[in-house]
Amino acid sequence: MLKPEMERALNEQLGAELYSSHLYLAMSAFCEAEGYPGAARWFRVQADEERGHAMRFFDHVVGRGGRVRLGEIPAPPAGFDSLLGAFEQALDQERQVTAAIDRLMALAAEHGDHAAAAFLQWFVTEQVEEEKQVADVVAALRAIGDDAAARFILDRELGARPAEG
Ligand code: FEO
Numbered sequence: 049m050l051k052p053e054m055e056r057a058l059n060e061q062l063g064a065e066l067y068s069s070h071l072y073l074a075m076s077a078f079c080e081a082e083g084y085p086g087a088a089r090w091f092r093v094q095a096d097e098e099r100g101h102a103m104r105f106f107d108h109v110v111g112r113g114g115r116v117r118l119g120e121i122p123a124p125p126a127g128f129d130s131l132l133g134a135f136e137q138a139l140d141q142e143r144q145v146t147a148a149i150d151r152l153m154a155l156a157a158e159h160g161d162h163a164a165a166a167f168l169q170w171f172v173t174e175q176v177e178e179e180k181q182v183a184d185v186v187a188a189l190r191a192i193g194d195d196a197a198a199r200f201i202l203d204r205e206l207g208a209r210p211a212e213g
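Now the structure itself:
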């Protein structure tokens, strides 16, 4: 049986994953408008992935006889400084998510909730990959600087990201 404090925390993370999806969709729209179709696709795939993360929390709560509670999803920023700025903000978001997953893990341990700990382990591993993926793009964009031709090539590479699943 899911303890109320765990249920509340898992629902909160469900909402945070939906916000990530919302944020990345906003970044995709920004990239479309700025002429970066590859990065737009990359963020769109990422937005889909985040919705998938949210659904994992949904299914875990439901599967344990808990109650899913959906709250408001805050509006993401309307725009971003630049392509680099968007990816920097994405990296910041992923770092915040990693910290939230770590807090959830600690809470699960505190409550002796082994089912939640086993469930959350997938996210611990996933966050390592997600942070690295975004950090690699940030590093590439910083190295590229004002080189428009190099940015064009990177955008094409980002556009090759396959859809999830
Ligand atoms: Fe669901 Fe990108 O963390």
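The numbering used here puts the sequence shown at residues 49 to 213. Just so you know, even glycine gets a beta-carbon here, dropped at the ideal spot from N, CA and C. Given the structure is predicted, the values throughout are model-derived calculations rather than measurements.
On the CB-based measure, 16 or more other CB atoms within 10 Å of its CB, does residue 144 come out buried or exposed? Here residue 144 refers to the residue found at position 96 of the sequence shown. Flag for residue 144 reads exposed.
Can you tell me the Cα-Cα spacing of residue 109 and residue 52, whole angstroms? Position 61 of the sequence shown holds residue 109. Position 4 of the sequence shown holds residue 52. Going by the C-alpha atoms only, they are around 11 Å apart.
In the DSSP assignment, the alpha helix (DSSP H) including residue 135 goes from what residue to what residue? In the sequence shown, the residue the question calls residue 135 occupies position 87. Segment 131 to 158, the alpha helix (DSSP H) holding residue 135.
Can you name, in chain order, every residue of its own chain whose Cβ lies under 7 Å from the Cβ of residue 98, other than the five neighbours on each side? Sequence index remark: in the sequence shown, residue 98 carries index 50 (1-based). Only 65, 68, 69, 72 meet the Cβ criterion.
Could you work out which residue in 184, 193, 212 is closest to residue 205 when comparing CA atoms only? For the purposes of this step, residue 205 is taken as residue 157 along the sequence shown, with counting starting at 1. Residue 184 is the option with its Cα nearest to residue 205.
Give the C-beta separation of residue 54 and residue 156 to the nearest angstrom, bearing in mind that I take them to be a contact with Cβ-Cβ under 8 Å. Position 6 of the sequence shown, counting from 1, holds the residue named residue 54. Position 108 of the sequence shown, counting from 1, holds the residue named residue 156. At roughly 7 Å, the Cβ-Cβ gap stays under 8 Å, so residue 54 and residue 156 are in contact.
With the cut-off set at 8 Å, would you say residue 142 and residue 178 are in Cβ contact? Counting from 1 along the sequence shown, the entry for residue 142 is found at position 94. Counting from 1 along the sequence shown, the entry for residue 178 is found at position 130. Yes.
Which same chain residues end up closer than 8 Å to residue 190 when comparing Cβ atoms and leaving out the 5 residues on each side of it in sequence? By one-based count along the sequence shown, residue 190 stands at place 142. Around residue 190: 132.
Cβ-heavy atom distance between residue 70 and the ligand FEO below 7 Å? Reading the sequence shown from its first residue, position 22 is the one you call residue 70. The answer is no for residue 70.
Cβ-heavy atom distance, residue 142 to the ligand FEO, below 7 Å: Position 94 of the sequence shown holds residue 142. Under cutoff, so the answer is yes.
Judging by CA-CA distance, which residue of 135, 76, 166, 116 is the nearest neighbour of residue 187? Here residue 187 refers to the residue found at position 139 when the sequence shown is read from its first residue. Of the candidates 135, 76, 166, 116, 135 places its Cα closest to the Cα of residue 187.
I'd like to confirm something about residue 101: is its beta-carbon nearer than 7 Å to some heavy atom of the ligand FEO, or not? Against the sequence shown, residue 101 aligns to sequence position 53. Residue 101: yes, Cβ under 7 Å from the ligand FEO.
Following a CB-centred definition, is residue 176 positioned closer than 7 Å to any heavy atom of the ligand FEO? Counted from its first residue, the sequence shown places residue 176 at position 128. Residue 176: no, Cβ never under 7 Å from the ligand FEO.
Between residue 118 and residue 63, which are expected to be in contact by the criterion C-beta below 8 Å, what is the C-beta distance as a whole number of angstroms? One-based indexing of the sequence shown puts residue 118 at position 70. One-based indexing of the sequence shown puts residue 63 at position 15. That pair is a contact at about 7 Å.
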